[in-house]
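Engineer:
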Amino acid sequence: MLDNFLTGTATLFGDPFTVGIFIFGVIGGMLFGAIPGVSMLTLAAILLPFTADLSPSQGVMLFAVIYCTGTYGGAITAILFNIPGAPENAPTAFDGYPMTQKGMAGKAVGAAVLCSAVGGVASAIVMMSATEPLAQWAIMNIGPPEIFALVFFGLAVASSVGGRTIWKGWLSVLLGLLIATIGQDPVGGINRFNFGFSDLAAGIAFVPAILGFFAVSEIFVQAEKKVSGNYSAPKFSVDFPTFFELWAHKIAVIRSILVGFFCGILPGIGATLAAFMGYGEAVRWSKNKSDFGKGKLEGVISSETANNAATGAAMIPLLALGLPGGALTAMMVAVFQMHDLEPGPLVFYNSPDLIWIVFAGMFYANLSILFIGLLETKTILYLLKIPFQFLAPMILMLASIGAYISRGLVLDVIVMFAAGVIGFLLRRSGYSIPGIVLGLILGKIGEQNFAQGMQMVHYDLGTYFSRPICTILIIAGVLTLVKSLHSAFFAKHVES
Amino acid sequence: MGNLKNSDLVEIVFWLLIAVIFFSVSFNFNQPIEIYKFGATGWPRVILALIGLAALGNLYHSFKNGSKTQKGRVGASEAPDQVYYSSLTDYLKTAWILVIPLLYAISLKPVGFYFGTPFFIALVMLAWGERRVKFILLSTLFIYALLIILFMFILNAPLPQGNVSPFYDFSAFMLKMKTQFDQLF
Chain A
-16 MLDNFLTGTA TLFGDPFTVG IFIFGVIGGM LFGAIPGVSM LTLAAILLPF TADLSPSQGV
44 MLFAVIYCTG TYGGAITAIL FNIPGAPENA PTAFDGYPMT QKGMAGKAVG AAVLCSAVGG
104 VASAIVMMSA TEPLAQWAIM NIGPPEIFAL VFFGLAVASS VGGRTIWKGW LSVLLGLLIA
164 TIGQDPVGGI NRFNFGFSDL AAGIAFVPAI LGFFAVSEIF VQAEKKVSGN YSAPKFSVDF
224 PTFFELWAHK IAVIRSILVG FFCGILPGIG ATLAAFMGYG EAVRWSKNKS DFGKGKLEGV
284 ISSETANNAA TGAAMIPLLA LGLPGGALTA MMVAVFQMHD LEPGPLVFYN SPDLIWIVFA
344 GMFYANLSIL FIGLLETKTI LYLLKIPFQF LAPMILMLAS IGAYISRGLV LDVIVMFAAG
404 VIGFLLRRSG YSIPGIVLGL ILGKIGEQNF AQGMQMVHYD LGTYFSRPIC TILIIAGVLT
464 LVKSLHSAFF AKHVES
Chain B
240 MGNLKNSDLV EIVFWLLIAV IFFSVSFNFN QPIEIYKFGA TGWPRVILAL IGLAALGNLY
300 HSFKNGSKTQ KGRVGASEAP DQVYYSSLTD YLKTAWILVI PLLYAISLKP VGFYFGTPFF
360 IALVMLAWGE RRVKFILLST LFIYALLIIL FMFILNAPLP QGNVSPFYDF SAFMLKMKTQ
420 FDQLF
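Chains as they are written, first to last, in the working numbering: chain A, -16 to 479; chain B, 240 to 424.
1. Please list the residues of the stretch 436 to 451 of chain A that have a C-beta atom closer than 9 Å to any C-beta atom in chain B, keeping them in chain order.
2. With a threshold of 16 other CB atoms inside 10 Å of the CB of residue 325/A, please say whether the residue is buried or exposed.
3. For a test of the three-state rule: what should DSSP assign to residue 274/B, helix, strand or coil?
4. Could you name the residues of chain B that residue 151/A contacts, counting a contact when the two beta carbons are closer than 8 Å?
5. With contact counted as at least three CB pairs below 8 Å, one residue from each stretch, are the stretch 440 to 452 of chain A and the stretch 136 to 144 of chain A in contact?
6. List, in order along the chain, the chain A residues whose C-beta lies closer than 7 Å to that of residue 181/B?
7. Quick one: list the residues of chain A neighbouring residue 399/B, beta-carbon separation under 9 Å, in chain order.
8. With a threshold of 7 Å between beta carbons, is residue 334/B in contact with chain A?
9. By the 7 Å beta-carbon criterion, what residues does the stretch 273 to 286 of chain A contribute toward chain B?
10. Applying a beta-carbon distance threshold of less than 8 Å, which residues of chain A neighbour residue 276/B?
11. Please classify residue 275/B as buried or exposed, where buried requires at least 16 neighbouring CB atoms within 10 angstroms.
12. Ordered along the chain, which non-local residues of its own chain (more than five positions away) have a Cβ less than 7 Å from that of residue 394/A?
13. As an exercise, report each continuous alpha helix (DSSP H) stretch of at least 4 residues that is fully enclosed by the stretch 316 to 364 of chain A, in chain order.
14. Answer with buried or exposed for residue 116/A, where buried requires no fewer than 16 other C-beta atoms within 10 angstroms of its C-beta.
15. I want to see whether chain B comes within less than 7 Å of residue -1/A, judged by CB atoms only; does it?
16. Could you tell me whether any Cβ in chain C is nearer than 7 Å to the Cβ of residue 263/B?
17. Would the stretch 436 to 446 of chain A count as touching the stretch 237 to 249 of chain A if we require 3 or more Cβ pairs under 8 Å?
18. Checking the sheet assignment: what are the DSSP bridge partners for residue 166/A?
19. At a Cβ threshold of 7 Å, is residue 289/B touching chain A?
20. Residue 421/B CB to nearest chain A CB: under 7 Å?
21. With 7 Å set as the bound, which would you pick, yes or no: does the beta-carbon of residue 268/B sit closer than that to a beta-carbon of chain A?
22. What's the gap between the Cα of residue 301/A and the Cα of residue 307/A?
23. Should the stretch 95 to 105 of chain A be regarded as contacting the stretch 346 to 357 of chain A, the criterion being three or more beta carbon pairs within less than 8 Å?
24. Just verifying my parser: in three-state terms, what is the DSSP assignment at residue 308/B?
25. Considering just the uninterrupted stretch of the alpha helix (DSSP H) at residue 365/B, what are its terminal residues?
26. Could one say the Cβ of residue 181/A lies closer than 7 Å to chain B's Cβ atoms, at least one of them?
27. So which residues on chain A does residue 348/B lean against when the C-beta distance must stay under 7 Å?
28. Please report the Cβ distance between residue 188/A and residue 389/A, rounded to the nearest whole angstrom; I am assuming they are in contact, meaning their Cβ atoms lie under 8 Å.
29. Going along chain A, which residues have a C-beta under 8 Å from residue 341/B?
30. Suppose contacts are defined by Cβ-Cβ distances below 7 Å. Is residue 399/A in contact with residue 386/A by that definition?
31. What does a CB cutoff of less than 8 Å around residue 335/B pick up in its chain, not counting 5 residues either side in sequence?
32. Which residues in the same chain have their Cβ closer than 7 Å to the Cβ of residue 407/A, if we skip the five residues on either side of it in sequence?
33. On a CA-only basis, which of 415/B, 329/B, 391/B is nearest residue 29/A? Give me that one, please.
34. To the nearest angstrom, how far is it from the Cα of residue 246/B to the Cα of residue 473/A?
35. When burial is assigned at 16 or more other CB atoms within 10 Å of the CB, is residue 456/A buried or exposed?
36. Which ranges would you report for the alpha helix (DSSP H) in the stretch 63 to 111 of chain A if only whole runs of at least 4 residues count?
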């Protein structure tokens, strides 16, 4: 492994043009992740056509680097403005934004930098040392029933965070699942709920919906506060967390690395569910559960460690099985296909150079988060000093361009603003925006794997539950549900 | 009526309407799939049934507890603080803030990005309560120039050009300028 890694490093840094692409990916991912309104997906969508002029290894490495640094960059906007740069940063906002409101933005961003780097580097090391055996294990043990079971468990966890009550949590997740059914059904390709619009046959695209629910709705919330005289600018601070503050959360970091890696390795699941599960587990094991959501450092640490730990793991199903774990890894498949390559087991034998330059690129990109992240953090915190009446149109414009660019459809911009209005109204009523987005992302994956699983077991539930991983995950999901239902009927309530 | 408020009734009507409308539309694609027993409607109908159940649960919760937050809900503070409107003007101002972006999005196809954007930026600032004319003009110019430089000149991103004259002609003029700029280097 070490020889291959050193060879990959030498190839990466031996060619000035490849180094330039690496640096561009690191800085581009961080910037696009950290600018409210656009995300790493916007940058990736713009860059996709240009990768045809690069070599396959340079193209895939560029996207892998953007994936690592963009996942971290999205935490900045989640913490400073309550606008997650990507869905995987949504749980970061639960505690990150309250920390900003309390004047602790520097601590939250500092923790995000360090934990993103730690999670990402740990994940890259495991990925490099164990991609092939882990891929083999996944092939043998993970099938559609297990993936559906994990989606079920993930949705059960998501419904228990965000939203003023469990019912509102569930309605949010179910709305996301319903939106995901728009477009062709994943088994027979039959058009559903397109209401006569041919553009809806392809379904509601993730990028505009996510931008609308997260970025646009937050702008509307702030605008309403401004109009009604309730607006207060976020507090500025550059105090970083101390070493001891971070060391006190070492168990949370280790737990989130494990959770993140497990979620990332499963095809189609990716970093979003990893972040929710990392956060959910932190709440589950905490002695002070009620502090979460009010500005607890552990919330930021758990979410950011888990989502970056998933980035390395998400490359395993992509490279070993050819199955993307999210929107950005799906674009990587497109990069492969542009060069007449197919990701899958044969890539390891036919293109080892490509594999190891990508692994080396991801490892160094995660290290860069630590150094460049700490350097840029103090500068980025000054975003809080920009008046929001200037920042708001800027964010809305960037979001409009981001929504339009991914498919070149004006409909996507309309969908984004409509999602913004719906998100604004639902947030006012205490519904959970991250719940809607997670339902939207996991809906199609869940349905597809449920259908395939049912076909596999010939609709026999006994066979379905004879698979241990599947059974454990389903039971965990049911227990989460029962517990939340119990608290819905018997928990005390506080004035909102 | 317990602790129910009008807004709770609006919520239940909203969710049940969604469930009923989508359920009735689902008959449009209620075709069997040979390889899949539950067909194209199975999954969405289960979701709709669960929406109905959760909406009833939500109504029951509001009946018993009003709009109180369930204790121990993590991340519930992401819901915005209660905002009170003192007059009809405040409602209209908020409605205006919500409508401007939708109008801009709908106008993108006929008007295009290049012509419509400066007006949109200025309108958003006005809607936000900004009244300093110099600030609005300079900020609009700055944001517009930044977007054009980043997306048009550096990233070469394709942006909507509009399909109605003279807006389309304006987009063509901008693109021609960009081509001439490229030829300089």
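Idealized CB from N, CA, C, for every residue including glycine.
Structural biologist: Inspection of the coordinates gives the following:
1. 437, 438, 442
2. exposed
3. coil
4. 297
5. The stretch 136 to 144 of chain A and the stretch 440 to 452 of chain A do not touch, with fewer than three beta-carbon pairs separated by less than 8 Å.
6. Since the first and last residues shown for chain B are 240 and 424, residue 181/B lies out of range.
7. Neighbours of residue 399/B on chain A, chain order: 387, 391, 393, 396.
8. no
9. For the stretch 273 to 286 of chain A, the set of positions with a beta-carbon nearer than 7 Å to some beta-carbon of chain B reads 273, 275, 276, 277 in chain order.
10. 437, 442
11. Counting Cβ neighbours within 10 Å, residue 275/B comes out buried, since at least 16 surround it.
12. 182
13. 328 to 333, 335 to 363
14. exposed
15. No, because no Cβ of chain B sits closer than 7 Å to the Cβ of residue -1/A.
16. No chain C is present in this structure, whose protein chains are A and B.
17. no
18. 175/A
19. Residue 289/B counts as touching chain A.
20. no
21. With its beta carbon less than 7 Å from one in chain A, residue 268/B belongs to the interface.
22. 5 Å
23. yes
24. strand
25. 352 to 366
26. no
27. 393
28. For a cut-off of 8 Å, the C-beta gap from residue 188/A to residue 389/A is around 6 Å, short enough to register as a contact.
29. 397, 400, 401, 404
30. yes
31. The residues are 366.
32. Apart from sequence neighbours up to five positions away, the residues of its chain that approach residue 407/A with a beta-carbon distance below 7 Å are 200, 203, 204, ordered along the chain.
33. Of 415/B, 329/B, 391/B, the residue nearest in Cα terms is 391/B.
34. The straight-line gap from Cα to Cα measures roughly 24 Å.
35. buried
36. 73 to 84
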